[in-house]
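Protein sequence lines, in the order shown, are assigned to chains A and B. Heads up: the first sequence begins at 1 in the working numbering, then just goes up one per residue. Heads up: the second sequence begins at 179 in the working numbering, then just goes up one per residue. Note that CB positions come from ideal geometry on N, CA and C, so glycine has one too. Computed from a predicted structure; not experimentally measured. Structure first, commentary second.
There are 2 protein chains.
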Amino acid sequence: MSLRHAIMVDLWREDGTGYEIAKRFQEGFGFSWKASHPQIYTELKKLTDLGWVEFKKVEQEHKPAKKIYTLTEDGLEALKEWIDTPVDIAPIRDAFLIKMAAGSLATPKLFLEEVRERKVISDEKLKYFKKIEEVMQKETGKGNPEVEFPFLSLRAGILTFEAYSHWFDEVIEYLEGL
Amino acid sequence: MSLRHAIMVDLWREDGTGYEIAKRFQEGFGFSWKASHPQIYTELKKLTDLGWVEFKKVEQEHKPAKKIYTLTEDGLEALKEWIDTPVDIAPIRDAFLIKMAAGSLATPKLFLEEVRERKVISDEKLKYFKKIEEVMQKETGKGNPEVEFPFLSLRAGILTFEAYSHWFDEVIEYLEGL
DNA sequence: GGCGTCATGTAAAAGGTTACATGATTCC
DNA sequence: GGAATCATGTAACCTTTTACATGACGCC
Numbered sequence: 001m002s003l004r005h006a007i008m009v010d011l012w013r014e015d016g017t018g019y020e021i022a023k024r025f026q027e028g029f030g031f032s033w034k035a036s037h038p039q040i041y042t043e044l045k046k047l048t049d050l051g052w053v054e055f056k057k058v059e060q061e062h063k064p065a066k067k068i069y070t071l072t073e074d075g076l077e078a079l080k081e082w083i084d085t086p087v088d089i090a091p092i093r094d095a096f097l098i099k100m101a102a103g104s105l106a107t108p109k110l111f112l113e114e115v116r117e118r119k120v121i122s123d124e125k126l127k128y129f130k131k132i133e134e135v136m137q138k139e140t141g142k143g144n145p146e147v148e149f150p151f152l153s154l155r156a157g158i159l160t161f162e163a164y165s166h167w168f169d170e171v172i173e174y175l176e177g178l
Numbered sequence: 179m180s181l182r183h184a185i186m187v188d189l190w191r192e193d194g195t196g197y198e199i200a201k202r203f204q205e206g207f208g209f210s211w212k213a214s215h216p217q218i219y220t221e222l223k224k225l226t227d228l229g230w231v232e233f234k235k236v237e238q239e240h241k242p243a244k245k246i247y248t249l250t251e252d253g254l255e256a257l258k259e260w261i262d263t264p265v266d267i268a269p270i271r272d273a274f275l276i277k278m279a280a281g282s283l284a285t286p287k288l289f290l291e292e293v294r295e296r297k298v299i300s301d302e303k304l305k306y307f308k309k310i311e312e313v314m315q316k317e318t319g320k321g322n323p324e325v326e327f328p329f330l331s332l333r334a335g336i337l338t339f340e341a342y343s344h345w346f347d348e349v350i351e352y353l354e355g356l
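Put into structure tokens, the structure is as follows:
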């Protein structure tokens with residue numbers, strides 16, 4: 001049940017509508033979670049029933065009304081409790097690694113194309129992360145845990161995407177030499 | 179629907195019972211997929227109905243009868259087709275990264291403990307991967323695609339777990355200095 | 001006229017986990 | 001006596017995705 005807590009952390013950092021949360025999550029939410037909008041609306045309703053979040057309805061002209069959600073005191077307590085409880089290690093489920101293991105069954109040209117595309121996308125993400133890193137390092141509040149922890153979370157993304165980048169190079173080198 | 183293809187790749191590499199496939203998958207199946215036994219038995223039934231795998235029933239003394247599954251010709255064709263079709267990039271869903279982003283809400287002692295435990299487990303896995311790597315490098319058939327592709331798949335595991343190892347060091351250094 | 005953005009949701013289907021069920025053997 | 005290994009499966013539940021549904025505005 002980590003979606004619940006991912007939403008709570010997101011709201012803890014900044015209030016927002018379901019729509020805004022969904023947008024942040026589609027881009028990977030601080031590089032750590034992915035979720036779609038129906039999932040988020042459903043979970044926000046459950047969290048409201050629990051009293052862990054609450055919302056203010058805001059009418060808008062020329063736009064549909066929106067609900068701005070906030071984490072409650074109870075929600076913050078529940079979140080702290082969750083953070084102090086160890087979580088399971090995330091299972092690896094990457095279909096591309098299955099394909100790699102059976103790469104000898106692939107049409108080499110198509111496979112090389114897919115690898116190259118992946119490297120481009122992966123490197124773009126890495127570049128984006130590094131840009132954020134730079135901004136964070138210049139930020140006032142350096143040394144402040146509320147800046148340092150998200151920074152470390154970002155570092156996980158940077159280090160893993162750097163690893164991917166090197167891996168793609170190894171794969172491309174092999175495929176080009178075939 | 180990657181579980182299906184993960185099972186097919188597994189059977190393509192070596193015939194086996196549902197029980198054996200489940201065992202390999204619990205350990206991460208070549209570091210790329212995780213699945214539980216009810217899921218595998220269910221999928222094997224579907225694959226049998228499709229004619230993509232078949233089994234021989236083998237009676238055993240002092241042990242329950244077992245079904246040894248094999249990939250069929252049709253199954254191999256379907257697998258090749260899948261491999262030539264690009265797959266989506268795997269979403270990141272790591273609850274621990276959520277916790278990291280909100281680490282300032284944690285009880286430092288408990289958090290540091292969890293990170294240290296994770297580093298130990300992660301480094302053990304890395305050591306295990308590196309042992310396999312060594313064995314593979316000495317293997318006859320070096321240069322053979324059926325050895326090289328699984329090797330590259332393993333390399334993905336090694337590079338990402340090395341990245342994790344460095345990341346844990348960064349995190350531990352910060353937490354110890356708090 | 002169609003697409004993208006803002007903004008909410010419901011419903012059905014697919015994918016995955018956990019609990020239940022059985023039963024013999026071997027090892028501590 | 002209890003736990004682990006081998007070997008199969010079903011059923012209930014939870015999680016996630018995809019499709020459906022609505023509606024106004026601005027842009028090309």
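Count the other CB atoms within 10 Å of the CB of residue i; is the residue buried (16 or more) or exposed (fewer)?
| i | result |
| --- | --- |
| B:E221 | buried |
| A:I121 | exposed |
| A:G157 | buried |
| A:T160 | buried |
| B:A243 | exposed |
| A:H5 | buried |
| A:G186 | Because chain A here runs from 1 to 178, residue 186 of chain A falls outside it and cannot be looked at. |
| A:L50 | exposed |
| A:L178 | exposed |
| B:G196 | buried |
| A:P150 | buried |
Straight-line CA distance for residue i to residue j?
| i | j | result |
| --- | --- | --- |
| B:W119 | B:I185 | Any question about residue 119 of chain B goes unanswered here, given that chain B covers just 179 to 356. |
| A:G141 | A:L3 | 29 Å |
| B:R296 | B:K303 | 11 Å |
| A:F76 | A:E54 | Here residue 76 of chain A is Leu; the residue named in the question, Phe, does not match the sequence. Distance between the alpha carbons of A:L76 and A:E54: 12 Å. |
| B:A200 | B:L225 | 15 Å |
| A:A95 | A:P38 | 24 Å |
| A:M1 | A:S36 | 15 Å |
| B:E205 | A:M136 | 38 Å |
| A:K63 | A:F129 | 33 Å |
| A:L112 | A:I172 | 7 Å |
| B:R191 | A:I132 | 43 Å |
| A:E61 | A:P145 | 40 Å |
| A:K109 | B:E237 | 45 Å |
| B:W345 | A:Y164 | 15 Å |
| A:Y174 | B:K305 | 24 Å |
| B:I218 | A:E20 | 38 Å |
| A:W184 | B:K212 | Nothing can be reported for residue 184 of chain A, as the shown portion of chain A is limited to 1 through 178. |
Considering only the beta carbon of each residue, do residue i and residue j sit closer than 8 Å?
| i | j | result |
| --- | --- | --- |
| B:R271 | A:A90 | yes |
| A:F31 | A:L154 | yes |
| B:K258 | A:L105 | yes |
| B:D262 | A:T107 | yes |
| A:E176 | B:P264 | no |
| A:L11 | A:L71 | yes |
| A:G16 | A:Y69 | yes |
| A:L179 | B:E348 | A question about residue 179 of chain A goes unanswered here, because the residues of chain A that appear run from 1 up to 178. |
| A:V147 | A:E139 | yes |
| B:K245 | B:K235 | yes |
| A:V196 | B:A279 | Because chain A spans 1 through 178 in this model, residue 196 of chain A falls outside it and cannot be assessed. |
| B:D266 | B:W230 | no |
Contacting positions in the segment 263 to 287 of chain B - beta carbon closer than 9 Å to chain A: T263, P264, V265, D266, I267, A268, P269, I270, R271, D272, A273, F274, L275, I276, K277, M278, A279, A280, G281, S282, L283, A284 and T285
Residues of the segment 62 to 81 of chain A with Cβ closer than 9 Å to any Cβ of chain B, in chain order: L76, L79 and K80
Inside the segment 17 to 54 of chain A only - alpha helix (DSSP H) runs reaching at least 4 residues: 18 to 26 and 37 to 50
Every unbroken alpha helix (DSSP H) inside the segment 262 to 289 of chain B [4 residues or more]: 273 to 279
Members of the segment 3 to 28 of chain A that neighbour chain B once the beta carbon cut-off is set at 8 Å: H5, A6, V9, W12, R13 and G28
Length-filtered (4 minimum) alpha helix (DSSP H) runs lying within the segment 295 to 326 of chain B: none
Contact list for the segment 307 to 335 of chain B against chain A, Cβ threshold 7 Å: P323, E324, E326, F327, P328, L330, S331, R333 and A334
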